[in-house]
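Asks: Got a structure for you, questions after.
Residue numbers (this note's numbering): 4 to 50.
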């Protein structure tokens, strides 16, 4: 629930702080890549 809530406000928050669309896309993409890597890693390490 926390992730979904944070994901929905990330773009508008960054835009409100003056970030360009490129920066918003890079931040969002980095978050998704982190989830892609950290999920299987957490499964393997049982954490």
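Even for Gly, the Cβ is constructed at its ideal location relative to N, Cα and C.
Taking the Cβ atom as the reference point for each residue, do residue 8 and residue 27 lie within a distance shorter than 7 Å?
Replies: Here residue 8 corresponds to residue number 5 of the chain shown, with the count starting at 1. Here residue 27 corresponds to residue number 24 of the chain shown, with the count starting at 1. Their beta carbons are not under 7 Å apart, which means residue 8 does not touch residue 27 by this criterion.
Asks: Suppose you measure from the CA of residue 40 to the CA of residue 47; what does that come to, to the nearest Å?
Replies: Against the chain shown, residue 40 aligns to sequence position 37. Against the chain shown, residue 47 aligns to sequence position 44. Roughly 11 Å between the two C-alpha positions.
Asks: Can you give the beta carbon distance from residue 30 to residue 17, rounded, assuming they're within the 8 Å contact cut?
Replies: On the chain shown, position 27 is the one that residue 30 refers to. On the chain shown, position 14 is the one that residue 17 refers to. The pair is a contact, with the Cβ atoms about 6 Å apart (cut-off 8 Å).
Asks: To the nearest angstrom, how far is it from the Cα of residue 32 to the Cα of residue 19?
Replies: Walking along the chain shown from the start, residue 32 turns up at place 29. Walking along the chain shown from the start, residue 19 turns up at place 16. Whole-angstrom Cα-Cα distance: 19 Å.
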